[in-house]
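Trainee: Got a structure for you, written out below as structure tokens; questions coming shortly.
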Amino acid sequence: MGFALSFACGAEPYVGGDCATTDDCLSDGQSVPGTVCINGRCECAEPGKVVCCPRGENEPDCFLMCRPCDECAEGTAECSGVVDPSAQCKSDAECPGPPDPRCGAGRCVEGKCALEIKPGRLGSQLRGDCKQDECTEEGSVVSVPAYDVYNDGNQCTNDLCDYDRPLNALLDGVICPSSGSGRCHAGRCIECLAEDPTLHCAAGLACDGVFCVPAHCVNLVFDASRGETAQDCGGSCKPCRDGDLCNAGADCQSGVCAMAHCKAPTCADGVKNGGEAGVDCSGACPRLCPEGGGCASGEDCASGVCWAGACEEPTCKDGVENGDELGVDCGGKGCAAACPG
Numbered sequence: 088m089g090f091a092l093s094f095a096c097g098a099e100p101y102v103g104g105d106c107a108t109t110d111d112c113l114s115d116g117q118s119v120p121g122t123v124c125i126n127g128r129c130e131c132a133e134p135g136k137v138v139c140c141p142r143g144e145n146e147p148d149c150f151l152m153c154r155p156c157d158e159c160a161e162g163t164a165e166c167s168g169v170v171d172p173s174a175q176c177k178s179d180a181e182c183p184g185p186p187d188p189r190c191g192a193g194r195c196v197e198g199k200c201a202l203e204i205k206p207g208r209l210g211s212q213l214r215g216d217c218k219q220d221e222c223t224e225e226g227s228v229v230s231v232p233a234y235d236v237y238n239d240g241n242q243c244t245n246d247l248c249d250y251d252r253p254l255n256a257l258l259d260g261v262i263c264p265s266s267g268s269g270r271c272h273a274g275r276c277i278e279c280l281a282e283d284p285t286l287h288c289a290a291g292l293a294c295d296g297v298f299c300v301p302a303h304c305v306n307l308v309f310d311a312s313r314g315e316t317a318q319d320c321g322g323s324c325k326p327c328r329d330g331d332l333c334n335a336g337a338d339c340q341s342g343v344c345a346m347a348h349c350k351a352p353t354c355a356d357g358v359k360n361g362g363e364a365g366v367d368c369s370g371a372c373p374r375l376c377p378e379g380g381g382c383a384s385g386e387d388c389a390s391g392v393c394w395a396g397a398c399e400e401p402t403c404k405d406g407v408e409n410g411d412e413l414g415v416d417c418g419g420k421g422c423a424a425a426c427p428g
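Every letter in the sequence shown is one number past the one before it in this note's numbering, and letter 261, counting from 1, is 348.
As structure tokens, then:
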């Protein structure tokens, strides 16, 4: 190419493709769009391109710029024996894909690599996050707000989206939607509330703060003849505390009765108690809950997916890295999608 002159650093303006900085490649003495200074020479910043005249033109009467070899004038030295990797291919495997492989793939079409991009909603979505993952026209993944409400499994919350965030607002004072009886109060369904005259118990029953129970259950007397196993608890009354006498697990808050006494919860007692999300799992227990186990959020589940208060099994469309996946819904034995590089 017509780079005949060069000068010592600082002696004269740089010409002929020599440079000290990238600014020298776009100076008055020489200006080739798309070049940067690499090891003292102005080279094309984009891989696979060289500084050349367009086909059919020759130096010095042409506009030099960065072009792929198949667009350069014949005889361009830098292109001698060079095959542009983007110009020839034999299979799809040789062609680069989009920035996110979930959005498409590289294809070999008539010996040239081309991008096949499928814009729009991804099949893999995190349910209940008030967002939707979509592929752009450029092959990248973005999240946009969507009405994707999270079901927390509580009949006394109103599940909705606050723009792009899930919100489970507490219902208060309304009839419990699922049971059709009782009222929602502080996020749970109750039968009675002493300070609320609309939630009084029927004659012969008394309120223990949540449920309507026989009057003897709140008289501060141990009525063994009426089935109580300790004062005002057990039998038809509310469950008893740890250490109280009991006849069966139902008599105890922990659900565990052993040697006639209510026992404190453990992570191996076969009962959901002590703040556990499911039976002997999550909460204070090291084991996460399996599919079908109880949960308050995905953090309680081995699969990372909680819906309507129960853990769900892993799938390749749940928006979570689980099972044997190598990324979110990609890789592993079960998912066909390749993971992003």
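In this text, a Cβ means the ideal position worked out from N, Cα and C, and glycines have one as well. Note that the structure is a prediction, hence the values are computed from the model and not measured.
Can the beta-carbon of R35 be found closer than 8 Å to that of G406?
Mentor: As shown, the chain starts at 88 and ends at 428. That puts residue 35 outside it, with no answer to give.
Trainee: Tell me whether S312, by its Cβ, gets closer than 7 Å to a heavy atom of the ligand ADP.
Mentor: As for the ligand ADP, it is missing from this structure, which has no ligand bound.
Trainee: Are the CB atoms of G135 and P155 nearer to each other than 8 Å?
Mentor: Yes, the Cβ-Cβ distance between G135 and P155 is below 8 Å.
Trainee: Determine the burial state of L413: buried for a count of at least 16 other Cβ atoms within 10 Å of its Cβ, exposed for fewer.
Mentor: Label assigned to L413: exposed.
Trainee: Got a sec? Which residues, its chain only, sit under 6 Å from L254 by beta carbon, not counting five neighbours each side?
Mentor: Here the set comprises L247.
Trainee: Locate the beta strand (DSSP E) running through A395, then write down its first and last residues.
Mentor: Unbroken run through A395: none, as it is neither H nor E.
Trainee: Can you give me the C-alpha to C-alpha distance between G396 and G296, rounded to a whole angstrom?
Mentor: Rounded to the nearest angstrom, the two C-alpha atoms are 25 Å apart.
Trainee: Looking at the unbroken beta strand (DSSP E) that takes in E130, where does it start and where does it end?
Mentor: Its beta strand (DSSP E) spans residues R128 to C131.
Trainee: Taking one C-beta from the segment 360 to 370 and one from the segment 204 to 211 each time, how about it: are there three or more such pairs within less than 8 Å?
Mentor: Counting Cβ pairs under 8 Å, fewer than three are found: no touch.
Trainee: For G191, report the span of its beta strand (DSSP E) as first-last.
Mentor: Note, G191: beta strand (DSSP E), G191 to V196.
Trainee: If you measure between the beta carbons of C354 and C339, is that distance less than 8 Å?
Mentor: Not in contact: C354 and C339 (Cβ atoms no closer than 8 Å).
Trainee: Where does R313 fall in DSSP's three states?
Mentor: It is helical.
Trainee: With a threshold of 8 Å on Cβ separation, who are the neighbours of S173 within its own chain once the five nearest residues in sequence on each side are excluded?
Mentor: Confidence at S173 is low in this model, with a pLDDT of 49, below 50, so the placement of that residue is unreliable and no value is reported for it.
Trainee: From A424 to Y234, what does the alpha carbon distance come to, in whole angstroms?
Mentor: Roughly 26 Å separates the two Cα atoms.
Trainee: With a Cβ-Cβ cutoff of 8 Å, do L258 and C271 count as a contact?
Mentor: A contact, by the Cβ cut-off of 8 Å.
Trainee: What three-state label does DSSP hand C112 in the structure shown?
Mentor: Helix at C112.
Trainee: Which class does E408 belong to by DSSP, given the choice of helix, strand or coil?
Mentor: E408 falls in the coil class under three-state DSSP.
Trainee: If you count every other CB in all the chains shown that lies within 10 Å of the CB of G162, and 16 or more means buried, which is it?
Mentor: It is exposed - the Cβ of G162 has fewer than 16 other Cβ atoms within 10 Å.
Trainee: From A180, D249, N245 and E282, pick the residue whose C-alpha is nearest to that of P264; which is it?
Mentor: Out of A180, D249, N245 and E282, N245 has the C-alpha closest to the C-alpha of P264.
Trainee: Indicate the three-state DSSP secondary structure (helix, strand or coil) for A424 in the structure shown.
Mentor: Here A424 sits in coil by DSSP.
Trainee: How big is the Cα-Cα spacing for E158 and C417?
Mentor: Taking the straight line from one Cα to the other gives about 39 Å.
Trainee: Exposed or buried, which one is A317 when buried takes at least 16 other CB atoms within 10 Å?
Mentor: A317 should be labelled buried.
Trainee: Determine the contact status of R252 and V228, defining contact as a CB-CB distance below 8 Å.
Mentor: Contact: no.
Trainee: Measure from the alpha carbon of C140 to the alpha carbon of each residue in V123, C124 and V119, then state which is nearest.
Mentor: Nearest C-alpha to C140: V119.
Trainee: Does the Cβ-Cβ distance between V236 and Q219 come in under 8 Å?
Mentor: No, Cβ-Cβ distance for V236 and Q219 is not below 8 Å.
Trainee: Under three-state DSSP, which class holds S173?
Mentor: Note that S173 scores 49 on pLDDT, short of 50, meaning its location in the model is unreliable and no value can be drawn from it.
Trainee: Would you mind working out which of A311, C320, Q117 and C388 sits nearest L375, comparing C-alpha positions?
Mentor: Taking only the C-alpha atoms, the option nearest L375 is C388.
Trainee: Taking all protein chains shown into account, do 16 or more other C-beta atoms lie within 10 angstroms of the C-beta of P206, making it buried, or fewer, making it exposed?
Mentor: By the neighbour-count rule (16 or more Cβ atoms within 10 Å), P206 is not buried but exposed.
Trainee: Please name the residue, chosen from Y250, D249 and C294, that lies closest to G269 on a Cα-to-Cα basis.
Mentor: Comparing Cα positions, the closest option is C294.
Trainee: For the beta strand (DSSP E) that D148 lies in, which residues bound it at each end?
Mentor: From DSSP, D148 is part of no beta strand (DSSP E); its letter is neither H nor E.
Trainee: Of the choices G143, C422, K359 and C149, whose alpha-carbon is the least far from that of K404?
Mentor: Considering only alpha carbons, the answer is C422.
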